[in-house]
Amino acid sequence: MEIRDMGPKHVRLTAWDQVRELVDTGDVAKIVETVTALDDAGRREAANELPGYVTVAREKAWQPLADHDAERDRVRQARQTEVRRLRDAGEISEHQFTQMWSMTWHDDDWKTRPRTDGWIEPMRIAGAGTIGGAAAVVTWINRRDFDRWDFGGWDVDGGPPTGGIEPLLAVIAARPAEWQADLAVRLALRIRPRRRRNPGDQSLAPALALLRRTGVTPPVHDPLVVGWVSREARLSELRTDPLLDHLLPRIFEADGIGRALRDERPDPAGATSWLGALRTLAAEGRVPRTLMLDGCRRRFLLGGEGPDLRFFARLHELLEPAPAEIEPHAIDYLRLLPTAPGPVAELSLKHLRRLTGLDPADVVEALEGLLFRAEGGLVRAGLSWLEESVRQAPDRADELAPALAMAFGHEARAVQERAVRLAVRHAGRFTPLGAEVLRGGTGTLAPDLHNRLAAVVGGETVEEPEPEPEPEEVFVPRPLPAPPRPVPAIAPPSTAWQLAHMYLDDDWRAAERCLAAFVRLAAQDRESLRAELAPFVKHHEKRLISEEWREPADWMVAFAAELVDPGRVHESHHSAFINHVRRERGLPPVAVEETDHLPRSNRVSPLHRFVLRRHAEILAALRAGTLPPLLLATPSLSNGRLDPAELVARLETLEAADAVPLPADFQQALLRLPRRIDPAVAVRAAALESEAGRRAARWMADGGLPDPAVRVAWSGEDDGLGSRIWMTSTVRAAPTGLPLVDELLADQPRHVNPVCGGHLGDLMEWWAAVLPSHREVVAAHLLPHQPVPTWSAAMHSRRLVDLAAAEGPAGRAVAILLAHRIFPSPFTHDSTTPAFRALRSLAAAGDLPAEDFGTELAQRVLRGEITLRLLVDTVEAEAANGTHHHMWRALTAALPFLLPAQGSRPTAAHTDLVALAARLARWSEARGRIPALAAFAARKGSSRILRHARTLHDLLASGDGTR
């Protein structure tokens, strides 16, 4: 017992008192020292008290956290009281109050929170060092009270955090050797199969460590072996691991090993990969090759699902067994051919084909089972093996005849055809007896195959029915709806009261009407306008404290504020904060300088900034007293286009009032004109006398803005912000002499980082209305936003409907957007309906860029973004919706990329793709040669895909014309 000086009296601490104090303080090192120094009586005393102290220790550990939370709440309430006082005293604005209030809830640092699990490891160690029986210690170590939820701090073996299991092992090491060995075995048997919600096992790490230290033979227990292989395989540790010789043979028998290691990859085998480690150990001689090869064979013969045998198949092939290692076990590999999972059967067949001394009877038996498997690759390999055997030993052809005859009965015609070709090719090597065996297997053959075989091995021919002409497919597509026509725009509100009721509407069409009404009413009835808009200043003034006004609504509030309080300078949030601090310190405030409030060009998209320029110039003209009586660019139609006659009428009104149009408004009006101008309107425009009128007349006479050149290229470069640049789009336009238009077209679309670039997608619903006659340019600016996730400023598929309603050529940019929104990525939570509606509208108008669309779809398949099956099914469905001509053009561009390469194996989706192309060509009455298709159709073979390709090629070549 320890005696401590506690003041005037000396208090004798019992063994339990010492242990309890150390548990409360969480001193792991000290408790190891104390427990190992206890005598038998002290250990018994502590062991008796420990179970009842678990609840007390937990409550003591949680009390500091409760005190911490209470103090945090007290400080928060004090801060909130002070914030309320500042608000009530008028020292801060309502917006500043909201921000400061929210900050009172975000001042907690989780790193400063007291821990609640510091008692667990000392308590576990104390029990392991004092409890008498090994079975009771195992129960103690695995108590649920000792479970932790901070899984990130546990090591890969499921041990405790900082300090590992060494303190626990230190107290166990003080116990007798026999007791330690018993504990090691009991801990090993306590290991349970891992579950997803149980990333660690309390027994695994100490069990493995004790088994190594004590040298006791590990018990036969599958979860122990699974736990052993679930850690990283470090060669330096495995070479000297005493458990290697005991547990390695068991990995081929223990349940769960295949699941634990099925994701290991053989090429390249990683530095901590079990595949790589076992291959190296075998090469060094540390582990016998025979042990692992025999183990793999035993595991194969035990059976199981393909994923559970994947690791063993890869290990077997990584060891690269020589024929001399396979031949003594050939009968085992032969037994695997009929029923083993595909990867196991494939490796078995590969190694058996390298052997030369197989018994023909065994080969025949194996082939008979192999040739009835469902896997086409295995069946073809089996027929190749049979043919190879016939060539190597022609005198044994009769012995192989039964297997070949069995192949005649395969359910797949392609297999039957190949078997018949093989029999015809080697008919001279079969004796009459062998030929009789082949004749006996012809009962299930189709008449044409039966007669081809009978011609060389004898037998009666059967009458071949006349081939029935394939019923001509009647194609009746649904009528393609006419492209929607833009409707006349709603007239702007005529009174201040009407304007006030829709003043901050965020729909772009309503916002355009509000702009037009504000300018007109500011000239005609300013007093009524001021009275109606005054409440907006009071309720939305906080919009004006930002340094940048990014939204049209911000500017609309600024218009109202200028009417209510002319010449007022709007102090930004930053300036207000600086002046508040200066006033608190007795310093005079800094004078506030008004800025233009336009966002910097690198913080918004070019089209967004162009929209805001019109608002900024209205505010500037309002302050300067130069506001014209009307705006020119207010759209006439729902798609943003402006009627040329209406523009001329507005210019005539301005000339009559001797007013000058605002620059951005005038240039936006020119961009909104249609591509074709009525000659009578152009003549009327030529009569205008103002500078703006003459410029508008020249613009109409010259045909408006020439189509800019849009180029799109795949990038894939790093943007320096942790993201890849997806596509780069560039716009090249000839100078127009209009400074704001030239600035807009020269400012290129920007890459959008998904984390910090979402703001570049604001006002996207306005963009098509800025350039309603040049949709490809708008698409080029939308393109960088296509892969942006929905939690950023993602592009909605409705923007494709806007593009379809616009005018102008549609090229690769439009095609790429369509190809990606019809088949969205898994994380794009957006309906495909608008994208399909846009596709059909463009097709109905004859504007769909079908070839570019098909090329991008093919590239998406090649990049693994969509499956070929999905592409085929969708194209077929859209063809039935009336777009068959356009889908044919898309497939002519996609086919050269998607046809199987020479030597590759076509899938069912490839076959259906070519069959669909043949149907679309017939429905579209297409003609013209496709070189890639011609080369593919010329390949040797009679597979379905080749037959469809030849049909398509013959159809296209049956007349003149282009594809």
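Under my numbering, the letters of the sequence shown match residues 82 to 1044, in that order.
Backbone N, C-alpha and C fix where the C-beta goes; we use that ideal spot for every residue, glycine too.
Please read all numbers here as calculations on a predicted model, not as lab measurements.
Classification of residue i by the beta-carbon crowding that lies within 10 angstroms, buried from 16 upward
| i | result |
| --- | --- |
| glutamine 144 | exposed |
| glutamate 772 | exposed |
| aspartate 344 | exposed |
| valine 822 | buried |
| asparagine 683 | exposed |
| arginine 271 | buried |
| threonine 298 | exposed |
| alanine 730 | exposed |
| glycine 509 | exposed |
| aspartate 121 | exposed |
| leucine 743 | buried |
| arginine 273 | exposed |
| serine 1023 | exposed |
Beta-carbon contacts of residue i that lie in its chain and below 6 Å, excluding the five residues immediately before and after
| i | result |
| --- | --- |
| leucine 949 | Val942 and Ala990 |
| glycine 463 | Leu448, Leu451 and Leu452 |
| alanine 128 | Thr211 and Ile212 |
| threonine 197 | Ala142, Trp143 and Leu146 |
| aspartate 933 | Arg893 and Ala896 |
Own chain residues within Cβ distance below 7 Å of residue i, not counting five before or after
| i | result |
| --- | --- |
| alanine 216 | Arg267 |
| arginine 277 | Residue placement at arginine 277 is flagged as unreliable, the pLDDT there being 41, under the threshold of 50; the coordinate-derived value follows with that caveat. Taken in chain order, the list of residues that qualify is empty. |
| valine 425 | Phe381, Leu390, Ala394 and Leu417 |
| histidine 965 | Pro558, Leu1001, Trp1004 and Ser1005 |
| histidine 1034 | Leu1014, Ala1015 and Ala1018 |
| arginine 101 | Tyr134 |
Helix, strand or coil at residue i according to DSSP, with G and I counted as helix
| i | result |
| --- | --- |
| valine 685 | coil |
| arginine 224 | coil |
| threonine 437 | coil |
| tryptophan 807 | coil |
| proline 299 | coil |
| isoleucine 947 | coil |
| valine 812 | strand |
| leucine 94 | strand |
| proline 633 | helix |
| leucine 718 | strand |
| valine 425 | helix |
| valine 310 | helix |
| aspartate 588 | coil |
| histidine 582 | coil |
| glutamine 99 | helix |
| arginine 533 | helix |
| alanine 726 | helix |
| glycine 213 | coil |
| isoleucine 84 | Bear in mind that a pLDDT of 38 at isoleucine 84, under 50, signals an unreliable position, so the number given afterwards is only what the model happens to contain. Strand at isoleucine 84. |
Expected contact under 8 Å - CB spacing of residue i and residue j to nearest Å
| i | j | result |
| --- | --- | --- |
| glutamate 857 | alanine 894 | 6 Å |
| serine 854 | glycine 785 | 7 Å |
| proline 830 | proline 865 | 6 Å |
| valine 116 | aspartate 226 | About 19 Å separates the two Cβ atoms, so there is no contact after all. |
| isoleucine 222 | valine 109 | The pair is not a contact, with the Cβ atoms about 15 Å apart (cut-off 8 Å). |
| leucine 481 | valine 496 | Going by Cβ atoms, the distance from leucine 481 to valine 496 rounds to 16 Å, so no, they are not a contact pair. |
| proline 567 | serine 719 | 5 Å |
| arginine 139 | tryptophan 200 | 7 Å |
| methionine 400 | aspartate 443 | At residue 400 the sequence reads leucine, which differs from the methionine that was named. Contact doesn't hold; Cβ gap of about 24 Å is too wide. |
Residue i, enclosing alpha helix (DSSP H) - first and last residue
| i | result |
| --- | --- |
| arginine 166 | 121-169 |
| alanine 411 | 411-417 |
| serine 609 | 607-621 |
| alanine 570 | Premise fails: alanine 570 is in no alpha helix (DSSP H) and is neither H nor E. |
| lysine 111 | 109-118 |
| asparagine 962 | Asparagine 962 -> no alpha helix (DSSP H), and no H or E assigned at all. |
| methionine 181 | 175-184 |
| proline 404 | 404-407 |
| threonine 914 | 914-925 |
| tryptophan 466 | 457-473 |
First through last residue of the beta strand (DSSP E) which encompasses residue i
| i | result |
| --- | --- |
| alanine 258 | Element bounds for alanine 258: not the beta strand (DSSP E) but the alpha helix (DSSP H), 258-271. |
| alanine 790 | 790-795 |
Residue i CB to nearest heavy atom of the ligand GTP below 8 Å
| i | result |
| --- | --- |
| aspartate 783 | As far as ligands go, the structure on display features none, and thus does not contain the ligand GTP. |
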